[in-house]
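S.K.: Residue numbers (my numbering): 403 to 782.
C-beta atoms are modelled at their ideal positions from N, C-alpha and C, and glycine is treated no differently.
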Amino acid sequence: MGKVDTSLLALETPAILLDQGRLQANIQLIQDIANTHGVSVRPHIKTHKCLELVRQQIDAGAVGITSSKVDEALTFINNGIRSVTVAYPLVVDSKLDRLIAAAQSHDVDLRLIVDSAAGVNAIAQAAGRHEKQISIFVKIDVGLHRCGLTEDDPGLLELVRQIIREPALKFTGLLSHAGHVYGAKDGEAAQKIAQEELEILTRVRKKLESNGIEVSEVSIGSTPTVLASDSYDGITEIRPGNYIFMDRTPLRLELIELDQIAFSVLATVVSQNSDYFIIDTGSKTLSSDQGAHGMPGMEGFGLAYPADRFEDKNYEMIVAKLSEEHGFVAREDFDLAIGSKIRLIPNHSCVVANLLDTYTVVKDEQIAEQWDIVARGQIR
Ligand SMILES: Cc1ncc(COP(=O)(O)O)c(C=O)c1O
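1. What are the partner residues of I829, as DSSP defines its beta bridges?
2. Do G684 and ligand 1 come close, with the Cβ less than 8 Å from some heavy atom?
3. Kindly examine ligand 1 and report whether one of its heavy atoms sits closer than 8 Å to the Cβ of G643.
4. Can you give me the C-alpha to C-alpha distance between N749 and A722, rounded to a whole angstrom?
5. Are there 16 or more other CB atoms within 10 angstroms of the CB of K743, so buried, or fewer, so exposed?
6. Under a Cβ-count criterion, where at least 16 other Cβ atoms within 10 Å of its own Cβ denotes burial, should I418 be classed as buried or exposed?
7. Going by the DSSP bridge assignment, what does A706 pair with across the sheet?
8. Does the distance between the C-beta of H695 and the nearest non-hydrogen atom of ligand 1 fall short of 8 Å?
9. Around the Cβ of K715, are there at least 16 other Cβ atoms within 10 angstroms (buried) or fewer (exposed)?
10. With a 10 Å radius around its C-beta and 16 neighbouring C-beta atoms as the bar for buried, classify R745 as buried or exposed.
11. Which residue spans inside the segment 432–478 form an unbroken beta strand (DSSP E) run of at least 3?
12. On a Cα-Cα basis, can you pick out the residue from Q768, G779 and I740 that is closest to D759?
13. Check E601 in the structure and name its three-state DSSP category.
14. So what does DSSP say about G530, is it helix, strand or coil?
15. Say the cut is 8 Å; is the CB of P748 nearer than that to a heavy atom of ligand 1?
16. With burial defined as no fewer than 16 other Cβ atoms inside 10 Å of the residue's Cβ, what is the status of H547: buried or exposed?
17. Going residue by residue through the segment 641–701, where are the continuous alpha helix (DSSP H) segments of at least 4 residues, counting only ones entirely within it?
18. How many Å lie between K451 and L476 at the Cα?
19. Please classify N613 as buried or exposed, where buried requires at least 16 neighbouring CB atoms within 10 angstroms.
20. For S621, write down the residues that DSSP places opposite it in a beta bridge.
21. Rounded C-beta distance between G466 and I479? I'm assuming under 8 Å.
22. Buried or exposed for R782, going by 16 or more other Cβ atoms inside 10 Å?
23. Below 9 Å between beta carbons: does that hold for I747 and L660?
24. Need the endpoints of the alpha helix (DSSP H) that V753 sits in, please.
25. When you compare only the Cα positions, how much space is there between R500 and L512?
26. Report whether the distance from the Cβ of P626 to the nearest heavy atom of ligand 1 is below 8 Å.
27. What residues are listed by DSSP as bridge partners for Q506?
28. Tell me the rounded alpha-carbon separation between T468 and E568.
29. What are the partner residues of F730, as DSSP defines its beta bridges?
30. Tell me the DSSP secondary structure of E767 in three-state form.
31. Shortest alpha-carbon distance to Q433 belongs to which of Q564, I460 and I447?
32. List the whole-angstrom C-beta distance separating T625 from P652, where the pair is believed to meet the contact cut-off of C-beta under 8 Å.
33. Measure the Cβ-Cβ separation of Q422 and A462 and say whether it is below 9 Å.
34. Within the chosen definition, does the segment 602–610 reach the segment 537–544 through at least 3 CB pairs nearer than 8 Å?
35. For R641 and L577, I'd like the C-alpha separation in whole angstroms.
36. Run the CB neighbour count on A489, radius 10 Å, all protein chains shown included, and call it buried at 16 or more, exposed below.
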């Protein structure tokens with residue numbers, strides 16, 4: 403088998419490997435799409451939770467960050483990020499107080515979403531307590547059916563008017579996430595979902611404008627829709643997250659090639675039987691996620707290769723099953739020694755990143771750096 407750098411093979415496993423060249427290419431790919439269409443990039447940092455990576459995104463042109471959780475956002479605020487969207491419905495006073503106090507003391511442009519009158523009330527009162535102006539987006543449900551108002555919700559106009567009446571809040575615009583794209587059949591279906599999202603948001607924007615309400619921003623974002631879309635008319639901002647790493651989902655949708663995936667997991671073969679190589683990497687590393695948002699569509703829990711045959715189709719295997727600390731890699735017609743290394747591409751890189759402490763950054767197949775996943779586990 404081919405020669406690989408020994409320092410990589412000497413790593414204790416499980417370990418996340420990041421390919422520095424591919425990271426930079428992925429950051430640039432999305433920034434170029436945004437620049438071409440005249441929209442801003444506000445990457446979702448729930449994917450990487452890492453300061454070194456956010457700095458690369460900002461250096462490439464990102465205008466700030468998107469986060470999902472308060473403590474995750476605070477890590478980035480405390481480390482110098484000054485424009486933050488928490489794209490998650492915040493309705494609990496203690497969390498709002500913690501976030502808004504930090505945003506006030508660091509002079510952060512804080513942007514929150516709502517989809518209920520209770521949410522508007524909670525944010526308005528917290529903003530009042532801290533004398534902080536907050537930009538508010540109304541979340542629109544474009545098909546994931548998770549959070550947000552559908553375009554025909556009879557309460558939509560009144561919710562926007564409630565925001566406008568609150569002195570500490572500024573109604574800024576509309577925000578959506580077409581997460582159902584992760585269940586799409588192929589790239590064409592993904593493009594259709596992106597197109598539908600655009601059309602829904604355009605109709606909602608026009609409805610508000612015809613009622614005399616200014617909609618200054620329209621924010622969309624998921625990696626597959628951004629990669630599949632060819633039109634951004636009326637959009638001001640995109641918020642992809644996964645793109646910095648990529649994983650098996652955009653690959654399954656044929657929106658990327660295998661060699662664009664910057665994220666892999668190094669594992670060790672610790673045992674074997676007639677059906678499987680058993681590796682030291684189970685659900686406590688890979689998670690049991692078969693695709694984002696619980697969408698099905700992929701066999702097993704990741705692609706696996708002998709470490710010195712990484713991404714070689716002739717040596718591709720599937721992680722078929724997981725125990726907590728063991729992975730079952732379905733054997734093909736070659737042997738691997740106990741103690742040898744396997745390199746995996748997980749189904750969903752964002753959840754794997756939240757389960758380990760560090761990234762090992764690889765450049766030209768050599769270990770270049772280790773970066774802390776500082777906000778990992780910050781899920782409140
Ligand atoms: C509200 C919101 N915006 C943006 C994103 C980023 O999507 P992706 O990771 O597909 O790029 C997510 C992902 O879950 C999200 O929930």
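M.R.: In short:
1. Because the chain in this structure spans residues 403 to 782, residue 829 falls outside the shown range and cannot be described.
2. For the purposes of this step, residue 684 is taken as the residue at position 282 of the sequence shown. The answer is no for G684.
3. Counting from 1 along the sequence shown, the entry for residue 643 is found at position 241. Result yes, Cβ under 8 Å from ligand 1.
4. Stepping through the sequence shown from its first residue, residue 749 is reached at position 347. Stepping through the sequence shown from its first residue, residue 722 is reached at position 320. Near 12 Å, if we compare the C-alpha coordinates of A722 and N749.
5. To locate residue 743, count along the sequence shown from 1; it is residue 341. So K743 ends up on the buried side.
6. Looking up residue 418 in the sequence shown gives position 16. So I418 ends up on the buried side.
7. Working through the sequence shown from its first residue, we reach residue 706 at position 304. A706 is bridged to M719 and L746.
8. As a first step, residue 695 must be located in the sequence shown, where it is residue number 293. If you check the C-beta of H695 against ligand 1, you find a heavy atom less than 8 Å away.
9. Counted from its first residue, the sequence shown places residue 715 at position 313. Exposed, because fewer than 16 other Cβ atoms sit within 10 Å of the Cβ of K715.
10. The residue labelled residue 745 in the question sits at position 343 within the sequence shown. It counts as buried.
11. 467–469
12. Here residue 759 corresponds to residue number 357 of the sequence shown, with the count starting at 1. Comparing Cα-Cα distances from D759 to each of Q768, G779 and I740, the minimum goes to G779.
13. In the sequence shown, counting from the first residue as 1, residue 601 sits at position 199. Residue state, collapsed to three classes: helix.
14. For the purposes of this step, residue 530 is identified with residue 128 of the sequence shown, where counting begins at 1. Helix at G530.
15. On the sequence shown, residue 748 is found 346 positions in, with the first residue counted as 1. Not under cutoff, so the answer is no.
16. By 1-based counting over the sequence shown, the position of residue 547 is 145. Looking at its Cβ environment, which holds fewer than 16 other Cβ atoms inside 10 Å, H547 is exposed.
17. 650–654 and 685–688
18. Within the sequence shown, the letter at position 49 stands for residue 451. Within the sequence shown, the letter at position 74 stands for residue 476. So the alpha carbons of these two residues sit roughly 11 Å apart.
19. As a working note, residue 613 is residue 211 in the sequence shown. Exposed is the call here.
20. If you number the sequence shown from 1, residue 621 lands on position 219. Its beta-bridge partners are L577 and E639.
21. Numbered from 1 along the sequence shown, position 64 holds the residue referred to as residue 466. Numbered from 1 along the sequence shown, position 77 holds the residue referred to as residue 479. Contact flag wrong, Cβ pair sits at about 11 Å.
22. What you label residue 782 is simply residue 380 of the sequence shown in a count that begins at 1. Exposed, since its Cβ has fewer than 16 Cβ neighbours within 10 Å.
23. The residue labelled residue 747 in the question sits at position 345 within the sequence shown. The residue labelled residue 660 in the question sits at position 258 within the sequence shown. The criterion of a C-beta distance shorter than 9 Å is satisfied by I747 and L660.
24. By one-based count along the sequence shown, residue 753 stands at place 351. S751 to A755 is the span of the alpha helix (DSSP H), which, as asked, contains V753.
25. Against the sequence shown, residue 500 aligns to sequence position 98. Against the sequence shown, residue 512 aligns to sequence position 110. Rounded to the nearest angstrom, the two C-alpha atoms are 13 Å apart.
26. Residue 626 sits at position 224 when you count from the first residue of the sequence shown. For ligand 1, at least one heavy atom lies less than 8 Å from the Cβ of P626.
27. Here the question's residue 506 lines up with position 104 in the sequence shown. None; Q506 has no bridge partner.
28. Stepping through the sequence shown from its first residue, residue 468 is reached at position 66. Stepping through the sequence shown from its first residue, residue 568 is reached at position 166. Near 24 Å, if we compare the C-alpha coordinates of E568 and T468.
29. On the sequence shown, residue 730 is found 328 positions in, with the first residue counted as 1. According to DSSP, which records beta bridges pairwise, F730 is partnered with I680 and K723.
30. Here residue 767 refers to the residue found at position 365 when the sequence shown is read from its first residue. Three-state result, E767: coil.
31. In the sequence shown, counting from the first residue as 1, residue 433 sits at position 31. Each of Q564, I460 and I447 was checked against the Cα of Q433, and the nearest Cα belongs to I460.
32. Against the sequence shown, residue 625 aligns to sequence position 223. Against the sequence shown, residue 652 aligns to sequence position 250. So it is a contact: roughly 6 Å between Cβ atoms.
33. Numbered from its first residue, the sequence shown carries residue 422 at position 20. Numbered from its first residue, the sequence shown carries residue 462 at position 60. No, they are not a contact pair.
34. Output reads yes: the segment 537–544 touches the segment 602–610.
35. As a working note, residue 641 is residue 239 in the sequence shown. As a working note, residue 577 is residue 175 in the sequence shown. For the pair R641 and L577, the Cα-to-Cα distance works out to about 10 Å.
36. Within the sequence shown, residue 489 is the residue found at index 87, counting from 1. A489 is buried by the Cβ-count criterion.
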